[in-house]
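Heads up: the protein sequence lines correspond to chains Y and P, in order.
Count along the first sequence from 1, add 6, and you get the number used in this note's numbering.
Count along the second sequence from 1, add 3, and you get the number used in this note's numbering.
Heads up, the thing below is written out as structure tokens.
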Amino acid sequence: MKPVPLLALLALCAAPFASAAEAPVASAAYPQETGTALARTFPFSMVGQLHFGNGEAWFTGSGTVVRPRSVLTAAHNLWDADGGFSTEILFRRGLAGRSALSTQYASRIYVLSGYRENARRFQLSDPRAFSYDTGGLVFRDPVAGGSTAGWWANPALLTGAAPLLALGFGGEFHSGDDLLSVAPTTPFAPVVGAFWDNFSIYCESGMSGGPVFARDADGKLYLSGIVVAGSNEPPSTGIRILDRAAADFIRQYLK
Amino acid sequence: MENRTRLLIVLGSLALAVALVFLLGGSTSVTVPRTPTAGSGGTSTPSPVGIPSPGTRSGALKKTPSSPLAATLEKLLILLQTGTATDSDLEALKRTLLAADPALATTAIREFLATGRDARTGLDFALRPGGDLAAPTLRVLLMDVLGRIAKRDGTDAAAKLARETLDKKDSADEWAIALRNVAWHAPASTSYLATKAREMLAYAPWRAAPTGGMLEAFDVIVFTKDASFTADLAGAQTDPNEQLRHAAEVALDRLAAASPLDVMTYLNTHPATLAERPMLRADYFAKGDLAVPGQKTALEYYLGRPDVAVAEKTKLLKALATPASFVSENLLTAPPPEPDDASRERIILAATREWLTGNRFPQLQSQLLSLQRRLARE
Chain Y
7 MKPVPLLALL ALCAAPFASA AEAPVASAAY PQETGTALAR TFPFSMVGQL
57 HFGNGEAWFT GSGTVVRPRS VLTAAHNLWD ADGGFSTEIL FRRGLAGRSA
107 LSTQYASRIY VLSGYRENAR RFQLSDPRAF SYDTGGLVFR DPVAGGSTAG
157 WWANPALLTG AAPLLALGFG GEFHSGDDLL SVAPTTPFAP VVGAFWDNFS
207 IYCESGMSGG PVFARDADGK LYLSGIVVAG SNEPPSTGIR ILDRAAADFI
257 RQYLK
Chain P
4 MENRTRLLIV LGSLALAVAL VFLLGGSTSV TVPRTPTAGS GGTSTPSPVG
54 IPSPGTRSGA LKKTPSSPLA ATLEKLLILL QTGTATDSDL EALKRTLLAA
104 DPALATTAIR EFLATGRDAR TGLDFALRPG GDLAAPTLRV LLMDVLGRIA
154 KRDGTDAAAK LARETLDKKD SADEWAIALR NVAWHAPAST SYLATKAREM
204 LAYAPWRAAP TGGMLEAFDV IVFTKDASFT ADLAGAQTDP NEQLRHAAEV
254 ALDRLAAASP LDVMTYLNTH PATLAERPML RADYFAKGDL AVPGQKTALE
304 YYLGRPDVAV AEKTKLLKAL ATPASFVSEN LLTAPPPEPD DASRERIILA
354 ATREWLTGNR FPQLQSQLLS LQRRLARE
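Here you go:
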């Protein structure tokens, strides 16, 4: 097992409406706004902002439409050890500033049980908890008119030379209402279980649950991981890769 | 000269026989005495039943594998004992046994288990995606395969052996598989399963150092839907063993989903339970089905309780609109059927209107109006 800067890793949901801080350094390692046009181009148009309550506070995160009525995201957007399950979860697909391509409240939440067990046993920001940091939302109506982002439980996509792109609605150094992207310059590497990391990029709070897209040999983009953790000094991003367990979860519970 | 030749032939044959027995696992020098539980820290005592003693070598010499399957088992035992077995070897054995004639496979497994021999696989007891089991010992692996064969073919072979296993306390991991095998064969025997699950929970040596199998066996409690476990599970959440606490919490959550009225009633009559985690308590009540009169009454009682803060009740009302579940591979229980969320929303909306019209919960008026708007898509 590779050493991990445990204390530096933080789950990346963000409190909205907080004023955006100044970005530490303008660097390719930090996420930048994609612009409305790209944010609304497939498959990036399948990514959306999650706005939800937990306990007595409100947060934002990110998610991706992977089945016609379902969104894949990070478990820590959906459940907290003290606050229990999140409530009033609004998904704003293709959000750009104040307008979105579609908005809808989730009607059901699913979370991998291993996340709760490991979050309780260790702590929320422990790699062993991040290794299960996967959840899904089911909606009453199709989220994107029946369209979905492609996904592939193929970790090899994350370790080769194929271009990668992490996305989400970062609210730490940005408003949280615009899609951000950042491209790793090195492959991801396993840390523990399905938790992998990358030291060439940083993902802001609020990007949690957003996708990591990888290109296959034909140039097609596939969701291959979920952004779950990050540290800005030094830059690092942790993801929960799509493996067989994640694929089974998507097939069995997300509609 | 002839006598010397005969003697050499006899000695040679003996040496060959000893070598064969060694290769086939009959040698006590490589036989690992069966331990009660894999990874238990040796807290329970091994049973003497069925463990070959050092003096049984000559007996073992007589016992050659009774079939090709038995020989395969013996070979794997040696590989495990010498630390040279791989995951592929374990998977190959499973495939071989599952593909073999069921009667022959059952006989080979039963005969092997009767010897009491065992070896660790190096794996932790775990359920893999798809329900496949990572078995910590060869015996657990074989009990698992026997259970799958019996389930597939509708025989009682695995259940019979399971009940024998459950008559003594050699291994918590074997108990876990035995409970599953009984449930697979006789799903209606919930009373027996509950008794054995309670026995397992109460057994101090296992409870002090719970194995992976014991933690997974909490699913048997969920399977029984026996709400009288609520008190045990709630009590276990203060157990000094952290892993046991987590397993109890998960089981209580899942029992609440399987038997919501009983859990709600327990929480209503034990107001101190989960009082320090009010938002989690609200989640338990959010599993209630308002179409069932008893559950609706229990939920209304909770909403009217003066000891429950408005913030907690608010959480419940919000959570009603977005039901939530943890999902996992379980030892025994199947994933819940696909829910009918549209119907559920209609029923909650009707109840919300009723509460508003009757001014049933004045403190929660604005929250109920908000819930009504959400569900009515206003």
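Even for Gly, the Cβ is constructed at its ideal location relative to N, Cα and C.
On a predicted model such as this, the values are computed, not experimentally measured, just so you know.
What is the DSSP secondary structure of residue i, counted as helix, strand or coil?
{"i": "Gly62/P", "result": "No answer about Gly62/P holds up, because its pLDDT of 35 lies below 50 and its placement is not dependable."}
{"i": "Ala172/Y", "result": "strand"}
{"i": "Phe48/Y", "result": "coil"}
{"i": "Trp358/P", "result": "helix"}
{"i": "Gln84/P", "result": "helix"}
{"i": "Val311/P", "result": "coil"}
{"i": "Ser369/P", "result": "helix"}
{"i": "Ala220/P", "result": "coil"}
{"i": "Leu1/P", "result": "Past the boundaries of the shown model lies residue 1/P; chain P is included only from 4 to 381, so the question cannot be answered."}
{"i": "Leu107/P", "result": "helix"}
{"i": "Arg300/P", "result": "The residue asked about is misnamed: residue 300/P is Thr in this sequence, not Arg. DSSP places Thr300/P in helix when its eight states are reduced to three."}
{"i": "Leu130/P", "result": "strand"}
{"i": "Ala345/P", "result": "helix"}
{"i": "Pro281/P", "result": "helix"}
{"i": "Met146/P", "result": "helix"}
{"i": "Met267/P", "result": "helix"}
{"i": "Arg380/P", "result": "coil"}
{"i": "Arg363/P", "result": "coil"}
{"i": "Lys321/P", "result": "helix"}
{"i": "Asp1/P", "result": "Because residue 1/P is not part of the residues shown, which for chain P are 4 to 381, the question remains open."}
{"i": "Leu335/P", "result": "coil"}
{"i": "Gly177/Y", "result": "coil"}
{"i": "Lys228/P", "result": "coil"}
{"i": "Ala182/Y", "result": "The amino acid at residue 182/Y is misidentified as Ala; the sequence shows Gly. In this structure, Gly182/Y counts as coil in the three-state DSSP scheme."}
{"i": "Pro274/P", "result": "coil"}
Express the C-alpha separation of residue j and residue i in angstroms, rounding to a whole number.
{"i": "Thr302/P", "j": "Pro309/P", "result": "According to the sequence provided, residue 302/P is Leu. The question's Thr does not apply to it. So the two alpha carbons sit approximately 14 Å from each other."}
{"i": "Leu260/Y", "j": "Ala112/Y", "result": "12 Å"}
{"i": "His249/P", "j": "Thr42/Y", "result": "45 Å"}
{"i": "Leu173/Y", "j": "Val117/Y", "result": "21 Å"}
{"i": "Pro148/Y", "j": "Asp344/P", "result": "14 Å"}
{"i": "Gly90/Y", "j": "Asn83/Y", "result": "11 Å"}
{"i": "Thr300/P", "j": "Ala220/P", "result": "32 Å"}
{"i": "Thr243/Y", "j": "Gly212/Y", "result": "13 Å"}
{"i": "Arg126/Y", "j": "Asp104/P", "result": "45 Å"}
{"i": "Phe115/P", "j": "Lys316/P", "result": "57 Å"}
{"i": "Gly61/Y", "j": "Val313/P", "result": "12 Å"}
{"i": "Pro9/Y", "j": "Trp358/P", "result": "The predicted position of Pro9/Y is uncertain, since its pLDDT is 35 and thus under 50; no value can be drawn from it."}
{"i": "Asp229/P", "j": "Thr336/P", "result": "14 Å"}
{"i": "Leu26/P", "j": "Lys78/P", "result": "Annotation note: pLDDT 37 at Leu26/P (below 50); position unreliable, coordinate value reported separately. Approximately 7 Å, taken between the alpha carbons."}
{"i": "Ala63/Y", "j": "Met282/P", "result": "12 Å"}
{"i": "Val77/Y", "j": "Arg99/Y", "result": "10 Å"}
{"i": "Trp178/P", "j": "Leu277/P", "result": "30 Å"}
{"i": "Val24/P", "j": "Leu100/P", "result": "Low confidence applies here, because Val24/P scores a pLDDT of 38, under 50, leaving its location unreliable and the question unanswered by this model."}
{"i": "Phe48/Y", "j": "Ala239/P", "result": "50 Å"}
{"i": "Pro338/P", "j": "Val330/P", "result": "8 Å"}
{"i": "Ala235/Y", "j": "Gly215/Y", "result": "9 Å"}
State the start and end residues of the unbroken alpha helix (DSSP H) segment that holds residue i.
{"i": "Thr99/P", "result": "Asp90 to Ala102"}
{"i": "Val149/Y", "result": "Where Val149/Y is concerned, there is no enclosing alpha helix (DSSP H), given that its DSSP letter is neither H nor E."}
{"i": "Asn238/Y", "result": "Premise fails: Asn238/Y lies in the beta strand (DSSP E), Leu227 to Asn238, not in any alpha helix (DSSP H)."}
{"i": "Gly244/Y", "result": "Segment Pro241 to Ile247 is the beta strand (DSSP E) holding Gly244/Y; no alpha helix (DSSP H) there."}
{"i": "Glu245/P", "result": "Glu245 to Ala261"}
{"i": "Gly291/P", "result": "Neither: Gly291/P is in no alpha helix (DSSP H) and is coded neither H nor E."}
{"i": "Gly238/P", "result": "Phe232 to Ala239"}
Would you list the one or two residues that DSSP bridges to residue i?
{"i": "Gln38/Y", "result": "Ser187/Y"}
{"i": "Val198/Y", "result": "Phe201/Y"}
{"i": "Ala63/Y", "result": "Asn60/Y"}
{"i": "Arg389/P", "result": "There is simply no residue 389/P to check, as chain P begins at 4 and stops at 381 in what is shown."}
{"i": "Thr70/Y", "result": "Val53/Y and Leu78/Y"}
{"i": "Trp157/Y", "result": "Leu229/Y"}
{"i": "Met329/P", "result": "It is worth fixing the name first, because residue 329/P is Phe in this sequence and not Met. In the DSSP output, where bridge partners are listed per residue, Phe329/P has Val117/Y."}
{"i": "Thr140/P", "result": "Arg123/P"}
Check for me: the beta strand (DSSP E) holding residue i runs from which residue to which?
{"i": "Ile5/Y", "result": "Chain Y is shown only over 7 to 261; residue 5/Y falls outside these bounds and no answer can be derived."}
{"i": "Arg250/Y", "result": "No beta strand (DSSP E) holds Arg250/Y; the alpha helix (DSSP H) holding it covers Arg250 to Tyr259."}
{"i": "Ser219/Y", "result": "Rather than Ser, the amino acid found at residue 219/Y in this sequence is Phe. Run containing Phe219/Y: Pro217 to Arg221, per the beta strand (DSSP E) assignment."}
Quick one: complete beta strand (DSSP E) runs, 3+ long, within the segment 81-145 of chain Y?
93-99, 108-111, 114-118 and 141-144
Complete beta strand (DSSP E) runs within the segment 171-212 of chain P (minimum length 3 residues, chain order)
none
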